[in-house]
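In the numbering used here, the protein residues as written are 1 to 326.
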């Protein structure tokens, strides 16, 4: 189970209420962000390329993980088990999809392979199969109990060990793999950029700066998983050492950052230039001209921005002519 579902033992009823509210709020933000990426993929045909298809599967996993974190279930029995296992399944699937994105980028950029689209079936088998296996293994010697709005795993040493092996072990394996992969990709592209600097004119140098900005953004991708689950990992380790003592502020950070993973992923992986371009084009077609000025400049259609700049230039020229006549 995710970190959210193991933070409550030993806390007061008031503490658990605060943690519940934080979980609901953060998970709702993640659900909205992930649902937005899923909706964009379904509405905009130009986004249905293989690279963004992987982002779609990531967002779908995040959306379902966030949904079950929000819903919870105060009952016991089968529904309680279903809620616990589905949350675990989709949260594991989420960080596994990030490894397929890293693998695709590495295979394309570093190894210069063009067969990544042929590997889609293998990606599905890897992500959904691994998620299913660790979710089934998690059931061994692991009972669910009801506490507040969630189904909680047992607090025994065996249950904690199973939880750590079936969630945090593959999680940090994915973090290490993503970090190593993106390091190789960024290093290769930076070396290629350095080789081309001497032959670049000013325009090319501008393009290189834009490319460097993209490279730096790729470097943040592994940090998303670290930022989302670092406090959860620390909380699990502390729980092993002192099982009868819960730290409230650590549980709050554990729950809040873990539940925001879907939002972080949707912003970093999903809300890219292709998505913004597709939104700009739809705004240009359907949004009335008079409403453009109320939008932030980065969300205005490019044609409207160009038109606005031309109108502003004409206005300045008219004012200059008026001053000359005076």
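Ideal placement from N, C-alpha and C gives every residue a C-beta, glycine not left out.
Would you call residue 138 buried or exposed, if buried means 16 or more other Cβ atoms sit within 10 Å of its Cβ?
buried
With distances taken between CB atoms, is the gap from residue 185 to residue 280 smaller than 8 Å?
no
For residue 48, name the three-state secondary structure that DSSP assigns.
Here DSSP, grouped into helix, strand and coil, assigns residue 48 to coil.
How is the alpha helix (DSSP H) around residue 23 delimited, first residue to last?
13 to 43
Neighbourhood of residue 14 by C-beta, 6 Å cutoff - its chain only, sequence neighbours within 5 removed:
Here the set comprises nothing.
Cα-Cα separation, residue 118 to residue 124
12 Å
Could you compute how far the alpha carbon of residue 69 sits from the alpha carbon of residue 275?
27 Å
Nearest-angstrom Cβ-Cβ length linking residue 94 and residue 39, presumed shorter than 8 Å
Going by Cβ atoms, the distance from residue 94 to residue 39 rounds to 18 Å, so no, they are not a contact pair.
Please say whether residue 101 and residue 54 have beta carbons closer to each other than 8 Å?
The criterion of a C-beta distance shorter than 8 Å is satisfied by residue 54 and residue 101.
Alpha carbon of residue 228 to alpha carbon of residue 194, nearest angstrom
34 Å
Could you give the residue range of the alpha helix (DSSP H) that holds residue 161?
157 to 163
What's the gap between the Cα of residue 3 and the Cα of residue 278?
For residue 3, the predicted structure reports a pLDDT of 45, less than 50, and the residue's modelled location is therefore unreliable. The matter cannot be settled from this model.
Does the stretch 233 to 241 touch the stretch 261 to 273, meaning 3 or more C-beta pairs lie closer than 8 Å?
no
Return no unless some Cβ of chain C is closer than 8 Å to the Cβ of residue 220.
Among the chains of the structure shown, chain C does not appear; only one protein chain is present.
Ends of the alpha helix (DSSP H) at residue 257?
248 to 259
Just how far apart, CA to CA, sit residue 180 and residue 103?
Going from the Cα of residue 180 to the Cα of residue 103 covers about 11 Å.
Ordered along the chain, which non-local residues of its own chain (more than five positions away) have a Cβ less than 7 Å from that of residue 220?
268
Which whole-angstrom value is the C-beta distance of residue 132 and residue 175, which I expect to be below 8 Å?
At roughly 21 Å, the Cβ-Cβ gap does not stay under 8 Å, so residue 132 and residue 175 are not in contact.
Go ahead and pull the three-state DSSP assignment for residue 266.
helix
Between the Cα of residue 111 and those of 84, 188, 61, spot the shortest distance and give me the residue it belongs to.
188
Going by DSSP in three states, residue 66 sits in which element: helix, strand or coil?
helix
From what residue to what residue does the alpha helix (DSSP H) around residue 134 run?
120 to 137
Which residues in the same chain as residue 164 place their Cβ atom closer than 7 Å to its Cβ, once the five residues preceding and following it in sequence are excluded?
236
Are residue 67 and residue 37 touching if we call contact CB-CB under 8 Å?
no
Can you check which of these residues, 22, 97, 128, is closest to residue 178 by C-alpha distance?
97
Evaluate residue 265 with the Cβ neighbour count: other Cβ atoms within 10 Å of its Cβ, from every protein chain shown; 16 or more gives buried, anything less gives exposed.
Burial call: buried.
Under the rule that 16 or more other beta-carbon atoms within 10 Å means buried, what is residue 205, buried or exposed?
Low per-residue confidence applies at residue 205: pLDDT is 49, beneath 50, and the placement is therefore not dependable enough to give any value.
Close Cβ partners of residue 222 (< 7 Å) along its chain, the five nearest in sequence each way excluded:
Within the same chain, Cβ atoms closer than 7 Å to the Cβ of residue 222 are found at 175, 178, 179, 182, the five residues on either side in sequence being excluded.
Here's the rule: buried if 16 or more other CB atoms are within 10 angstroms of the residue's CB, otherwise exposed. What is residue 321?
A caution first: residue 321 carries a pLDDT of 43, below 50, which makes its placement in the model unreliable, though a value can still be read off. Of the residues assessed, residue 321 falls on the exposed side of the cut-off, its CB having fewer than 16 other CB atoms within 10 angstroms.
Who are the near neighbours of residue 18 in its chain, counting only those whose CB is closer than 6 Å to its CB and skipping five residues on each side?
Excluding residues up to 5 positions away in sequence, nothing lies with its Cβ nearer than 6 Å to the Cβ of residue 18 in the same chain.
Reducing DSSP to helix, strand and coil, say where residue 231 ends up.
helix
For residue 180, which three-state DSSP category applies?
helix
Using the Cβ count rule (16 or more neighbours within 10 Å means buried), how would you classify residue 23?
buried
Can you round the beta-carbon distance between residue 262 and residue 33 to whole angstroms, since I take them to be within the 8 Å contact cut?
Indeed, because the Cβ distance is near 6 Å, the residues count as touching under 8 Å.
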